[in-house]
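In UniProt numbering, the protein residues as written are 1 to 158.
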Ligand code: DLZ
């Protein structure tokens, strides 16, 4: 699975079934927007490559990653939305803020996913510094937005 996600571009469009009529919500945190924008574009490109229609992809922003959970809930509760992709970057600082945010988001997105019985993918990049984040936004460790979109597509195939 992990290997497959890394090599997403090798996937054939039909690997996970037809998503042309599926509706996707993408929630993007404004914090570190220079990175979250790249992650979001990776997610959108992935959805389009796999057959999603541009008009069926809804993008919304929230102030920071902490707000991803409520943003995800706003979208997941809408009947026409099939899957939600959450994008954020939390970089470690002098305090433990990153721990609190990361755990809250992980727990919160799991809760939303189970409550609405819809894929809510975790595109949260959690790193020690900016370089590690850049490495995961189109750098040497790929693009976590691509992986988050691929996870949502995969989960829709159940
Ligand atoms: C406050 C804060 C800090 C210190 N760091 C980040 C971060 O690295 N990444 C991120 O997405 N958001 C951060 N925030 C903002 C919080 O997520 C949240 O938006 C505020 O605490 C307001 O609820």
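Glycine included, C-beta positions come from ideal geometry on N, C-alpha and C.
*Residues of its chain near residue 155, where Cβ-Cβ distance is below 8 Å and the 5 sequence neighbours each way are ignored*: Numbered from its first residue, the chain shown carries residue 155 at position 155. Taken in chain order, the residues that qualify are 83, 119, 121.
*asked:* Is any non-hydrogen atom of the ligand DLZ found closer than 6 Å to the C-beta of residue 103, if you look at the structure I gave you?
replied: Start at 1 with the first residue of the chain shown, and residue 103 comes out as number 103. No, Cβ of residue 103 sits at least 6 Å from all heavy atoms of the ligand DLZ.
*Exposed or buried, what is residue 117 when buried is set at 16 or more other beta-carbons lying within 10 Å of its beta-carbon?*
Along the chain shown, read from residue 1 onward, the residue named residue 117 stands at position 117. It is exposed - the Cβ of residue 117 has fewer than 16 other Cβ atoms within 10 Å.
*Rounded C-alpha distance that separates residue 49 from residue 150*: Walking along the chain shown from the start, residue 49 turns up at place 49. Walking along the chain shown from the start, residue 150 turns up at place 150. CA-to-CA, the gap between residue 49 and residue 150 works out to about 11 Å.
*Give the secondary structure of residue 29 by DSSP, where H, G and I count as helix, E and B as strand, and everything else as coil.*
As a first step, residue 29 is located in the chain shown; it is residue number 29 there, counting from the start. Assigned with DSSP and collapsed to three states, residue 29 falls in strand.
*Hey, out of 129, 99, 136, 68, whose CA is closest to residue 112's CA?*
If you number the chain shown from 1, residue 112 lands on position 112. Closest option to residue 112, Cα to Cα, is 68.
*asked:* Contact defined as beta carbons within less than 8 Å: I believe residue 109 pairs with residue 86. What is the distance between those atoms, to the nearest angstrom?
replied: If you number the chain shown from 1, residue 109 lands on position 109. If you number the chain shown from 1, residue 86 lands on position 86. That pair is a contact at about 6 Å.
*Start-to-end residues for the beta strand (DSSP E) that takes in residue 58*: For the purposes of this step, residue 58 is taken as the residue at position 58 of the chain shown. Where residue 58 is concerned, the enclosing beta strand (DSSP E) stretches over 57–62.
*Quick one: what's residue 86 bridged to in DSSP?*
Against the chain shown, residue 86 aligns to sequence position 86. In DSSP, residue 86 forms a bridge with 27, 122.
*What residues come near the ligand DLZ, if near means a beta carbon less than 7 Å from any of its heavy atoms?*
29, 31, 32, 63, 64, 65, 66, 67, 88, 89, 90, 91, 93, 97, 98, 101
*Per DSSP, the bridge partner or partners of residue 137*: Start at 1 with the first residue of the chain shown, and residue 137 comes out as number 137. According to the DSSP secondary-structure assignment, residue 137 is paired through a beta bridge with 143.
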